[in-house]
Every structure is written in C-alpha cells, then in structure tokens.
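Written below as structure tokens is the structure these notes are about.
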Amino acid sequence: MMINSNEIKITGNWTFNGRKIIEDEQCERIYWLRANYLIRIASDESGWDVLYQDPESMQYWELIYEHSELQGGGPPSLVQLLKENALSKYII
C-alpha cells in the first residue's frame, strides 16, 4: 500500500463492466495514500493538479488526471516531482 522507493508513477485504471466503471487497485491505493499518508501541500491554479509530500522520504508527488476526454479527467495518477519542479509549478 505504501510508496516504494523505486516508484516514480502510480497510475490508476478504469474498466467498464457493461453497467458501471470499475476502479482498479491502483486507484484505491491512490485514494488511500491521499487520505491516510501523503501530506497535501498545494493545488495548481486550475484546482485539478494537487501537490503532496511523502512525510518519510520528503519526495513530492503530484496528483493528476491524464485523460481529460473522460468524465472527471479519468482515473487518477500520482507522479513523483523533483523539488525544483514542484516549487516552480506550485509556487510554494
């Protein structure tokens, strides 16, 4: 459930079972990390992208939605950001 030191991206996926959209384990993992582990730092001007920090490694992680053509931007992804990129984009 936690973030491994070798991970740089966690990508959620959706499938459609004919009736509804089913979120995969990675979506559930991202939701859990956001609610229970990562520290929310800031959101971008649009409000869609959100910067988090891992309290143990101090790495920055960005919550993004890579499929703007889908409802709500599609499934979530967490992408590791370099500190300088996080500071530049989020002006923190």
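Going by UniProt numbering, the sequence shown runs without a break in its numbering and finishes at 92.
Cβ atoms here follow ideal geometry from the backbone N, Cα and C, with glycine treated the same way.
Keep in mind it's a predicted model, so treat the numbers as computed, not measured.
Listed as beta-bridge partners of P76 by DSSP are Y65.
Under DSSP, the beta-bridge partners assigned to W14 are E23.
Counting along the chain, the unbroken beta strand (DSSP E) around S43 starts and ends at 39–43. D49 and I8 have their alpha carbons spaced roughly 17 Å apart. Inclusion of L33 and I10 in the CB contact set at 9 Å is warranted, their separation being smaller than that value. Sorting I39, D54, G73, Q26 by C-alpha distance to the C-alpha of S46 places G73 at the top. Residue burial annotation: E84 is exposed, with fewer than 16 other C-beta atoms found within 10 angstroms of its C-beta.
A check of alpha carbon separations from Y31 across S88, N13, L82 identifies N13 as the nearest.
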